[in-house]
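> The following block contains the structure, expressed as structure tokens.
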Amino acid sequence: MAAKGARQRPRWGGGDSAAPARQRDEGPPPPQTPAEENKAESSGTKAGHVWAPEGSTAFKCLISARFCAALLSNISDCDETFNYWEPMHYLVYGKGFQTWEYSPVYAIRSYAYLWLHALPALFHARVLQTNKVTRIRVT
Numbered sequence: 001m002a003a004k005g006a007r008q009r010p011r012w013g014g015g016d017s018a019a020p021a022r023q024r025d026e027g028p029p030p031p032q033t034p035a036e037e038n039k040a041e042s043s044g045t046k047a048g049h050v051w052a053p054e055g056s057t058a059f060k061c062l063i064s065a066r067f068c069a070a071l072l073s074n075i076s077d078c079d080e081t082f083n084y085w086e087p088m089h090y091l092v093y094g095k096g097f098q099t100w101e102y103s104p105v106y107a108i109r110s111y112a113y114l115w116l117h118a119l120p121a122l123f124h125a126r127v128l129q130t131n132k133v134t135r136i137r138v139t
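This is the structure:
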């Protein structure tokens, strides 16, 4: 079998002596509408171009997804979550449970990370005077 590429005919003519006569009979190709011309031009200029969002758009999408996940998702690991909320409540209000990891007897965790979350909670509690649910959600 011969290769197909070498045997293909051009669109307007077959490469034989009857091709010019056939072209005259068929006439010129139909004119393209402006929409078809724009489509042909845009597809030719974007060949090999990969679409990607701008940096700010990608950042906004990622932040939106994080906020939705934080506000709407269930608590996945309650032990780890409440091991931070209970000592933070102890720091903000001066009463409550102190988990064994933070107690002076064992002291295997530092209060430094909890203070990062307790300071905004203190601000909401003392200055803005919001309710407890809002303080927990904000921190």
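Okay, so the sequence shown: first residue is 1 according to UniProt numbering, each after it adds one.
Where is the CB? At the ideal position from N, CA and C, for every residue including glycine.
In this text, all values refer to a predicted model and were calculated from it rather than measured experimentally.
I'd like the span of the alpha helix (DSSP H) that includes S56, first residue to last.
G55 to L72
> For a minimum of 4 consecutive residues, which ranges assigned as the alpha helix (DSSP H) are wholly contained in the stretch 96-131?
Scanning the stretch 96-131 for uninterrupted alpha helix (DSSP H) segments of 4 residues or longer gives 112-123, listed from N- to C-terminal end.
> Assess, as a yes-or-no matter, whether the stretch 83-93 is touched by the stretch 116-126 under the definition of 3 or more beta carbon pairs within less than 8 Å.
yes
> Can you tell me whether D77 is helix, strand or coil according to DSSP?
Note: D77 maps to coil in three-state DSSP.
> Roughly how far, in whole angstroms, is the beta-carbon of L114 from the beta-carbon of Y84, given that I think they are within contact range, below 8 Å?
7 Å
> Once the 5 residues before and after I75 are set aside, which same chain residues still bring their CB inside 7 Å of it?
T81
> Helix, strand or coil: how does DSSP classify H49 here?
The answer is coil: DSSP assigns H49 none of H, G, I, E or B.
> Are the Cβ atoms of A124 and R135 separated by less than 8 Å?
Checking the sequence shown, residue 124 turns out to be His, not Ala. Yes; because the gap between Cβ atoms is below 8 Å, this pair is in contact.
> Do you know offhand how far Q98's Cα is from R126's?
22 Å
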